[in-house]
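Asker: Below is a structure I'd like to ask you about.
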Amino acid sequence: GASTAVLTQPIDCVNTRLQTQTLIQGRGRAVYTGMVDCARQTIAKEGVGALFRGLAPRAITFSVGGAAFFLAYEAALHEARRAFAHPSQAHQIESGGS
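Under our numbering, the first residue of the sequence shown carries the number 1, and numbering increases by one thereafter.
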């Protein structure tokens with residue numbers, strides 16, 4: 001969850017800046033020529049920390065989403081095992097055995 005957010009935040013930041021860039025007035029030219037140029041300009045003007053701006057909310061969202069996914073997956077797996085278990089194995093599944 002949170003580790004994914006930390007590892008992908010710089011790429012997401014650059015991607016967002018590329019998608020929201022405005023054209024330089026009068027020239028019809030983009031501010032950034034690509035991902036590497038965007039990253040270089042961002043670091044030069046704002047420092048490396050700019051690539052990680054907004055990390056906390058993103059990490060929380062990923063963590064909560066990951067936890068919700070695992071809870072739903074485990075609940076569904078438990079119900080599927082119970083529903084499709086052979087009657088002779090039902091007591092093992094309910095007691096947590098395999």
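Glycine included, C-beta positions come from ideal geometry on N, C-alpha and C.
1) Secondary structure at Arg81, three-state DSSP: helix, strand or coil?
2) Check whether the stretch 1-19 and the stretch 53-70 touch, using three or more Cβ-Cβ pairs below 8 angstroms as the test.
3) Could you check which residue in Thr16, Phe52, Asp37 has the C-alpha nearest to that of Leu151?
4) Once you ignore the five residues that flank Thr22 on each side, which residues in its own chain have a CB closer than 8 angstroms to its CB?
5) DSSP on Arg53, reduced to helix/strand/coil?
6) Beta-carbon separation of Leu18 and Cys38 under 7 angstroms?
7) With respect to the alpha helix (DSSP H) encompassing Val36, which residues constitute its N-terminal and C-terminal limits?
8) Nearest by alpha-carbon distance to Asn15: which of Arg27, Lys45, Val36 is it?
Answerer: With the given structure in hand:
1) DSSP places Arg81 within a helical segment (H, G or I) once states are collapsed to three.
2) Flag = yes, the stretch 1-19 and the stretch 53-70 touch.
3) Here the chain comprises residues numbered 1 to 98, so residue 151 is not present and cannot be evaluated.
4) Excluding positions up to five away in sequence, the list reads Val31.
5) For Arg53, the secondary structure class from DSSP, reduced to helix, strand or coil, is coil.
6) Result yes, Cβ atoms of Leu18 and Cys38 sit closer than 7 angstroms.
7) It spans 35-46 - the alpha helix (DSSP H) in which Val36 sits, taken as one unbroken run.
8) It is Val36.
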